[in-house]
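Asks: Residue numbers (the working numbering): 890 to 1171.
The beta carbon of each residue, even a glycine, is placed where N, CA and C say it ideally should be.
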Amino acid sequence: MKQKMKIPYTVLCYMLLIFVSAVILFPLIFLFTNSFMSVSDLNVYYGIAEKKFFHWVPDNFTLDQYVHAFLYSYQFLHSFWISILTTVPSVIFQLILSLMAGYGFAKHNFPFKNALFILYVILMMTPFQVIQAPQYILFNDIGLLDNIASIVLTSIFYPLGICIMTQSMKKIPDELIEASKIDGANSVQTLIHIVVPSAKNGIVTVLFLSFIEQWTIVEQAVVFIKSTANMPLAVMMQRLSGLSTPGSFVFALLFIIPPMLICFICDEYILDGIIKADLLEV
890 MKQKMKIPYT VLCYMLLIFV SAVILFPLIF LFTNSFMSVS DLNVYYGIAE
940 KKFFHWVPDN FTLDQYVHAF LYSYQFLHSF WISILTTVPS VIFQLILSLM
990 AGYGFAKHNF PFKNALFILY VILMMTPFQV IQAPQYILFN DIGLLDNIAS
1040 IVLTSIFYPL GICIMTQSMK KIPDELIEAS KIDGANSVQT LIHIVVPSAK
1090 NGIVTVLFLS FIEQWTIVEQ AVVFIKSTAN MPLAVMMQRL SGLSTPGSFV
1140 FALLFIIPPM LICFICDEYI LDGIIKADLL EV
């Protein structure tokens, strides 16, 4: 009887999973198939004169949009490069600070440690709009407005990364830390040779979440950057990706490829890191 009741439940679960997967994959399939559409077909199906919501299969498969994106779309390539220049340094700084702060919270005792950790959690929930005015005034005074350094500086402090690294490092046995100290290792050597290899899942999780946040950053760029030449790709996508614009589907496809690659390569580490990062435990 229980077996018979279990079958409809299993079928229902599979149907729900298939539906959710279809909803998630729909935009990707739509972008991929339409990226092979010719410029003339773009005007026919998505132009002002005759606009359709979806056209799945191009009438003529062509690489015109890819040629246009890589050879003639200077603004797209430049904005892509700006996104790299803002994302990579931000992720590196965030990872380094998260490692050091997480190690301090997890394996060292100091006054008001729990209170400070709770403060990090509160800051993690603080929206950018709360602090954008003082940051704008500061960058204006030191001459960093309309400079990509302003985006990097506002991003190097990453409370979520610190919380994840703290919880990941708390899972490391204290005996390993003590053994390294007995062998004569200092705190830096212990962090590099013992803690980092043991907390690799948390590190990859922070790297992935940090990259996603920085790659798709919009608000900081809109507030601090004025010139089009310094705008990252997340902001420029709105101007570059009108449905009837040549290369529009390729622009959108290339924009999501970097985070997707990181997700596919590191998915096991990311899942394990998120599961083990119990942020409620101080």
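Assuming HIS957 and GLY1136 are in contact, meaning their beta carbons sit under 8 Å apart, how far apart are those beta carbons, in whole angstroms?
Replies: 4 Å
Asks: Quick one, which of ILE973, GLN1056, SER962 and HIS967 has its alpha-carbon nearest MET989's?
Replies: GLN1056
Asks: Around the Cβ of VAL980, are there at least 16 other Cβ atoms within 10 angstroms (buried) or fewer (exposed)?
Replies: buried
Asks: Looking at C-beta atoms only, is the number of pairs between the stretch 1075-1088 and the stretch 1115-1127 that lie closer than 8 Å three or more?
Replies: no
Asks: Measuring only the C-alpha atoms, how far is PHE959 from MET1125?
Replies: 16 Å
Asks: Pick out the complete alpha helix (DSSP H) segments inside the stretch 1094-1166, 4 residues or longer, and give them in chain order.
Replies: 1108-1113, 1122-1129 and 1137-1165
Asks: Just to confirm before moving on: does the CB-CB distance between VAL1139 and TYR955 stay below 7 Å?
Replies: Going by C-beta atoms, VAL1139 is nearer than 7 Å to TYR955.
Asks: State the beta-bridge partners of TYR992 as determined by DSSP.
Replies: Its beta-bridge partners do not exist; DSSP assigns none.
Asks: Would ILE1037 pass as a contact of LEU974 if the rule is Cβ separation under 7 Å?
Replies: yes
Asks: Could you work out which residue in PHE1153, CYS1152 and ILE1146 is closest to PHE969 when comparing CA atoms only?
Replies: ILE1146
Asks: For ALA1074, which residues from the same chain have a beta carbon less than 8 Å from its beta carbon, with the 5 sequence-adjacent residues on both sides left out?
Replies: HIS1082 and ILE1083
Asks: Taking 7 Å as the threshold (C-beta atoms), are ILE1051 and TYR1009 in contact?
Replies: yes
Asks: Could you tell me which uninterrupted alpha helix (DSSP H) segments, each at least 4 residues in length, are contained entirely in the stretch 936-982, listed from first to last along the chain?
Replies: Whole alpha helix (DSSP H) segments, 4+ residues: 953-956.
Asks: Just to confirm before moving on: does the CB-CB distance between ILE1020 and THR1094 stay below 7 Å?
Replies: If you check the CB distance, ILE1020 and THR1094 do not come in under 7 Å.
Asks: By the 10 Å Cβ neighbour count, where 16 or more other Cβ atoms means buried, how is GLY1032 classified, buried or exposed?
Replies: So GLY1032 counts as exposed.
Asks: Just verifying my parser: in three-state terms, what is the DSSP assignment at GLY1091?
Replies: Helix at GLY1091.
Asks: Express the C-alpha separation of SER1099 and LEU984 in angstroms, rounding to a whole number.
Replies: The straight-line gap from Cα to Cα measures roughly 8 Å.
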